[in-house]
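Everything in the sequence shown is counted per my numbering, starting at 870 for the first residue and increasing by one.
Remarks on the structure that follows.
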Amino acid sequence: MKNIGVIGAGTMGFGISFYFAIHGIPTHVVDISNIELENAKEKLKTYYRLFKENGFPLPFSEKETTSFLSFSTELNHLKDADVIIESASENLSLKQELFKQLDSIAKEEAILASNTSSLKLSDIAIYVEKHRNRLLLTHFFNPAQIVPLVELLPLEETSTQVVNDMKTFFESINKTPIIIKCEVPGLAANRMQVALAREALSLLEDGVLSKEDLEKTLYDGPGFRFAASGLLKIIDFGGLDVWSSVLQNLQKEIESKVREFTIIKDLVENNALGVKRGKGFFEYPNKGFDEFVLQRDSELLKHLINTHYNR
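Structure representation (structure tokens):
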């Protein structure tokens, strides 16, 4: 994977391309918006400094890292890329048209990938013919330049070699690739996250605990343990017999129906959309959205370094 193309210079596209650049991989970013491309160039400087300040082991200088990234508005500039990762907006017809063009533009041995998690790869790739066996989904997690997980989903026609090559590639740059064996909405991590959110929000809306205590419950309870091991090992340590009983007792009690959470609906109607509006469940005063994002990313970076680089 000596030459990578990324479509989209927004939040996810930038994060993906920045991560490749700090690992010395020439990456060309294409976006229809020159404004987005200019924003990405400025964010590159900001995030290089952030990574450096937090002690991330950067192998290249800022000037060298910058040289690994190039930008344009022309899709044809990706014709020599070994891998092309689409990270455009979540619009099915737009993605279908992009992949139709990529199928014609990309070199024969190129791997075509999408970063979507809400749309089906089989729908996105409906017009792809030449690269049918070199298609897969590579779903990064926001912020993509920090969170290690990448979900890989091949089509039935996708070559096993392509999947193995991409898995090996991501492992070589300290990402954590997992293989999703069949196409399901939301893949794996988002399904687990939504299940957790549904139960947590139901507890909050039903008055079982305050929003402050809900945050503490997750941060200093399950979240604290998840920092050391995955769910199945937690079950192993707790005892499968114990967990079997817990599941039998609690499954019938937990939230399981489709539910409209008025606690979120009311906030949305009042334009309390979260950090980007300065207020959601909590208030975020005196800073702009980008400042709060950088603060969060700095905390995530410290966690990444402690868990993946200081072992």
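The beta-carbon is built from N, C-alpha and C at its ideal position, and this holds for glycine as well.
These numbers come from a predicted model, not from an experiment.
Whose CA, out of the options, lies closest to the CA of residue i?
i: isoleucine 953; options: Lys976, Thr935 and Gly1099; result: Lys976
i: arginine 1128; options: His1177, Leu1070, Gly1090 and Asn1155; result: Leu1070
i: glutamate 955; options: Pro928, Thr880 and Leu1056; result: Thr880
i: leucine 981; options: Leu947, Leu961 and Tyr916; result: Leu947
i: histidine 1172; options: Phe1158, Ala1097, Gly1143 and Ser986; result: Ala1097
i: cysteine 1051; options: Gly1076, Phe1038, Leu1006 and Glu1068; result: Leu1006
i: valine 1053; options: Glu1084, Ser986 and Arg1001; result: Ser986
i: valine 997; options: Lys912, Phe968 and Asp1034; result: Phe968
i: glutamate 943; options: Ser991, Val1144, Leu906 and Glu1152; result: Leu906
i: glycine 877; options: Ser886, Met870 and Lys871; result: Ser886
i: glutamate 1168; options: Val898, Met870, Lys910 and Asn923; result: Asn923
i: leucine 961; options: Asp900, Ile995 and Phe940; result: Ile995
Since residue i contacts residue j with CB under 8 Å, what's their CB separation in whole angstroms?
i: glycine 884; j: asparagine 1059; result: Not a contact, Cβ separation roughly 17 Å.
i: alanine 1013; j: phenylalanine 937; result: Contact flag wrong, Cβ pair sits at about 16 Å.
i: leucine 1078; j: leucine 1022; result: Contact flag wrong, Cβ pair sits at about 36 Å.
In or out: residue i buried (at least 16 other Cβ within 10 Å) or exposed?
i: asparagine 984; result: buried
i: lysine 914; result: exposed
i: histidine 1008; result: buried
i: tyrosine 1088; result: exposed
i: threonine 1029; result: exposed
i: proline 926; result: exposed
i: arginine 1003; result: buried
i: histidine 833; result: Lying before the first or after the last residue shown, residue 833 is absent from the chain, which here runs from 870 to 1180.
i: threonine 934; result: buried
i: isoleucine 1042; result: exposed
i: alanine 1066; result: exposed
i: methionine 1061; result: exposed
i: threonine 896; result: buried
i: valine 1063; result: exposed
i: leucine 971; result: buried
i: valine 1031; result: buried
i: glycine 874; result: buried
i: lysine 964; result: buried
i: lysine 1156; result: exposed
i: threonine 1027; result: buried
i: glycine 1108; result: exposed
Starting from residue i, trace the beta strand (DSSP E) both ways and give me its first and last residue.
i: histidine 1177; result: No beta strand (DSSP E) holds histidine 1177; the alpha helix (DSSP H) holding it covers 1158–1177.
i: proline 1046; result: 1045–1048
i: glutamate 955; result: 952–955
i: leucine 1142; result: Careful: leucine 1142 lies outside any beta strand (DSSP E) and carries neither H nor E.
i: threonine 1007; result: 1004–1009
Just to confirm the assignment, what range does the alpha helix (DSSP H) spanning residue i have?
i: valine 1032; result: 1029–1041
i: leucine 1018; result: Unbroken run through leucine 1018 is the beta strand (DSSP E), 1018–1023; no alpha helix (DSSP H).
i: leucine 963; result: 961–974
i: valine 1115; result: 1109–1119
Quick one: complete beta strand (DSSP E) runs, 3+ long, within the region 884–928? 896–899
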